[in-house]
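As they're listed, the protein sequences go chains R and F. Once you know that position 183 of the first sequence is 247 in my numbering, the rest is easy, because the numbers rise by one and skip nothing. Once you know that position 7 of the second sequence is 57 in my numbering, the rest is easy, because the numbers rise by one and skip nothing. Yeah, the Cβ is synthetic: ideal placement off N, Cα and C, and Gly gets one too. Owing to the predicted nature of the structure, the values given are computational and were not obtained by experimental measurement. This report refers to the structure that appears directly beneath it.
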Amino acid sequence: GLEETLCTMRCTENLDDPSDADVYKPSLGYISTLNSYNLPILRLLRLSALRGSIRKNAMVLPQWNVNANAALYVTNGKAHIQMVNDNGERVFDQEISSGQLLVVPQGFSVMKHAIGEQFEWIEFKTNENAQVNTLAGRTSVMRGLPLEVITNGYQISPEEAKRVKFSTIETTLTHSSPMSYGRPRA
Amino acid sequence: QWPNECQLDQLNALEPSQIIKSEGGRIEVWDHHAPQLRCSGFAFERFVIEPQGLFLPTFLNAGKLTFVVHGRGLMGRVIPGCAETFMESPVFGEGQGQGQSQGFRDMHQKVEHLRCGDTIATPSGVAQWFYNNGNEPLILVAAADLASNQNQLDRNLRPFLIAGNNPQGQEWLQGRKQQKQNNIFNGFAPEILAQAFKINVETAQQLQNQQDNRGNIVKVNGPFGVIRPPLRRGEGGQQPHEIAN
Numbered sequence: 065g066l067e068e069t070l071c072t073m074r075c076t077e078n079l080d081d082p083s084d085a086d087v088y089k090p091s092l093g094y095i096s097t098l099n100s101y102n103l104p105i106l107r108l109l110r111l112s113a114l115r116g117s118i119r120k121n122a123m124v125l126p127q128w129n130v131n132a133n134a135a136l137y138v139t140n141g142k143a144h145i146q147m148v149n150d151n152g153e154r155v156f157d158q159e160i161s162s163g164q165l166l167v168v169p170q171g172f173s174v175m176k177h178a179i180g181e182q183f184e185w186i187e188f189k190t191n192e193n194a195q196v197n198t199l200a201g202r203t204s205v206m207r208g209l210p211l212e213v214i215t216n217g218y219q220i221s222p223e224e225a226k227r228v229k230f231s232t233i234e235t236t237l238t239h240s241s242p243m244s245y246g247r248p249r250a
Numbered sequence: 051q052w053p054n055e056c057q058l059d060q061l062n063a064l065e066p067s068q069i070i071k072s073e074g075g076r077i078e079v080w081d082h083h084a085p086q087l088r089c090s091g092f093a094f095e096r097f098v099i100e101p102q103g104l105f106l107p108t109f110l111n112a113g114k115l116t117f118v119v120h121g122r123g124l125m126g127r128v129i130p131g132c133a134e135t136f137m138e139s140p141v142f143g144e145g146q147g148q149g150q151s152q153g154f155r156d157m158h159q160k161v162e163h164l165r166c167g168d169t170i171a172t173p174s175g176v177a178q179w180f181y182n183n184g185n186e187p188l189i190l191v192a193a194a195d196l197a198s199n200q201n202q203l204d205r206n207l208r209p210f211l212i213a214g215n216n217p218q219g220q221e222w223l224q225g226r227k228q229q230k231q232n233n234i235f236n237g238f239a240p241e242i243l244a245q246a247f248k249i250n251v252e253t254a255q256q257l258q259n260q261q262d263n264r265g266n267i268v269k270v271n272g273p274f275g276v277i278r279p280p281l282r283r284g285e286g287g288q289q290p291h292e293i294a295n
């Protein structure tokens, strides 16, 4: 982006083209991100965006924003979203549908599960290079922990710890079956 | 956020205002609402981790610097998107399939040895754990910069627990009713965790640490054999083997 000046800066990027997606799974959906690396003007604005489109019964693995707050606006369809705060409390456990807005504060863990035919959303994030960390999956925090930390932390056997670490090979999107979500925790 | 937060007429030395006790140690927290801390934007903590104590993975809403005051130990940070670069070589020649699972033990992100004087920088949102593999308490002090752009919440120190819990709650959070602080898995329905991790619901419930009163620093019984590099020269009184070029 060094060659760009304020006057000639590119200001537009399309996030709806699945061929430009960062994560694409034909049966599950796609996720595209826009940050200061692919749109340098965002360095000035200190903002970035994420576009998601997932199909019925696809799940975005639980994750949190490392360095940003996010405003999530649903553009199409509906999903069940659970969000957990720093006290381990479920602070959001509802269906969210087209036209609704949800704020996802920094560090709060969030899971999205499409329940309509399709769930599409746009997230605006308050950091030009917003990062997420996932709880489950191939690039998750659990994969990065030694087995000994997991076995001692949760008092589970090494075999169970291996399953926790390695059973999910996806990074972002996975299949999930229709389920009941349990009662909200006080 | 507070217009007159730096009108300081008098400064004084500060002591911790809350001590969070756990099975394997304690965490001492300074009141970051004290005028001079609030003005500077710092939150300050001291960790005392007993031998064989494991401070369970936790991340913060702010970047922090940690200094090793006493003792030695191990430290791991899980940085999003980084590969598991510490791994044991698979054992070959045991037959395919079965041999692969027998030969494989573990792989994880980088683990570092800690000793007195080490200073560790940790960005916000990056999970970190410590283990005391010495014979003396491992004492760490940490300063988190709540006023930086890394923290986009309010000026409160907010530890997010990935494992364990804090039965005493976060007394330093004004306006929140005092209650036990649980780990973040506790807020998700076990069925969701089971699907996300592709495990059974019973194991998912174990991840929530609901029946666990050990706190956030637990005692490790038995060996703690994480894959880690040998000690650096001069650490722990051991010298590495000289290897000729």
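To which residues of the same chain is residue i closer than 7 Å at the C-beta, ignoring the five residues directly before and after it?
i              : result
residue 94(R)  : 82, 85, 87, 88, 117
residue 186(R) : 113, 115, 137, 139
residue 230(R) : none
residue 263(F) : 217
residue 222(R) : 211, 215
residue 173(F) : 113, 200
residue 224(R) : none
Is there at least one Cβ from chain R nearer than 8 Å to residue i's Cβ?
i              : result
residue 122(F) : no
residue 183(F) : no
residue 57(F)  : no
residue 81(F)  : no
residue 147(F) : Because residue 147(F) carries a pLDDT of 46, less than 50, the predicted location of this residue cannot be relied on, and no value is offered for it.
residue 203(F) : yes
residue 167(F) : no
residue 232(F) : yes
residue 259(F) : yes
residue 76(F)  : no
residue 253(F) : yes
residue 192(F) : no
residue 144(F) : At residue 144(F) the pLDDT is 47, less than 50, meaning the model places this residue with poor confidence; the figure from the coordinates comes in the next sentence. No, no contact with chain R.
Closer than 6 Å by C-beta to residue i: which residues in its own chain qualify, once you throw out the five before and the five after it? Chain order, please.
i              : result
residue 148(F) : The pLDDT assigned to residue 148(F) is 45, lower than 50, so where the model puts this residue is not dependable; a value taken from the coordinates is nonetheless given after this. Cβ within range, chain order: n/a, list empty.
residue 193(R) : 99, 100
residue 168(F) : 118
residue 220(F) : 231
residue 270(F) : 102, 104
Chain F beta carbons: is any one of them nearer than 8 Å to that of residue i?
i              : result
residue 200(R) : yes
residue 207(R) : yes
residue 119(R) : no
residue 161(R) : no
residue 81(R)  : no
residue 139(R) : no
residue 171(R) : yes
residue 131(R) : yes
Got a sec: does the ligand PLP put a non-hydrogen atom nearer than 7 Å to the Cβ of residue i?
i              : result
residue 221(R) : Inclusion of the ligand PLP in the displayed structure is not the case, the ligand content being empty and no account of it being possible.
Opposite residue i in the DSSP bridges: which residues?
i              : result
residue 77(F)  : 70(F), 97(F)
residue 83(F)  : Its beta-bridge partners do not exist; DSSP assigns none.
residue 138(R) : 185(R)
residue 108(F) : 178(F), 211(F)
Okay, do the segment 166 to 183 of chain R and the segment 207 to 220 of chain R touch, 3+ Cβ pairs below 8 Å being the bar? Touching, no.
How about the segment 122 to 136 of chain R and the segment 239 to 255 of chain F: do they share at least three Cβ pairs that are nearer than 8 Å? The answer is yes - the segment 239 to 255 of chain F touches the segment 122 to 136 of chain R, with three or more Cβ pairs under 8 Å.
Okay, do the segment 100 to 107 of chain R and the segment 128 to 136 of chain R touch, 3+ Cβ pairs below 8 Å being the bar? Contact fails: fewer than three Cβ-Cβ distances are below 8 Å.
Within 8 Å, do at least three Cβ pairs link the segment 79 to 98 of chain F to the segment 153 to 164 of chain R? No: the two stretches stay apart, fewer than three of their Cβ pairs being nearer than 8 Å.
Are at least three pairs of beta-carbons, each pair with one atom in the segment 118 to 137 of chain F and one in the segment 162 to 172 of chain F, less than 8 Å apart? A contact exists between the segment 118 to 137 of chain F and the segment 162 to 172 of chain F.
Would you call the segment 173 to 188 of chain F in contact with the segment 124 to 133 of chain F, where contact means no fewer than 3 C-beta pairs closer than 8 Å? Segments in contact, yes.
I'd like the ranges of any alpha helix (DSSP H) spanning at least 4 consecutive residues and lying wholly in the segment 149 to 216 of chain R. The alpha helix (DSSP H) runs lying completely inside the segment 149 to 216 of chain R and spanning 4 residues or more are 205 to 208, given in chain order.
Contained beta strand (DSSP E) runs [length at least 3] in the segment 186 to 265 of chain F, N- to C-terminal order: Given a length threshold of 3 residues, each whole run of the beta strand (DSSP E) inside the segment 186 to 265 of chain F is given here in chain order: 188 to 195.
Fully enclosed by the segment 101 to 131 of chain R, which alpha helix (DSSP H) runs are 4 residues long or longer? Counting whole runs of 4 or more residues, the segment 101 to 131 of chain R contains the alpha helix (DSSP H) stretches 106 to 109.
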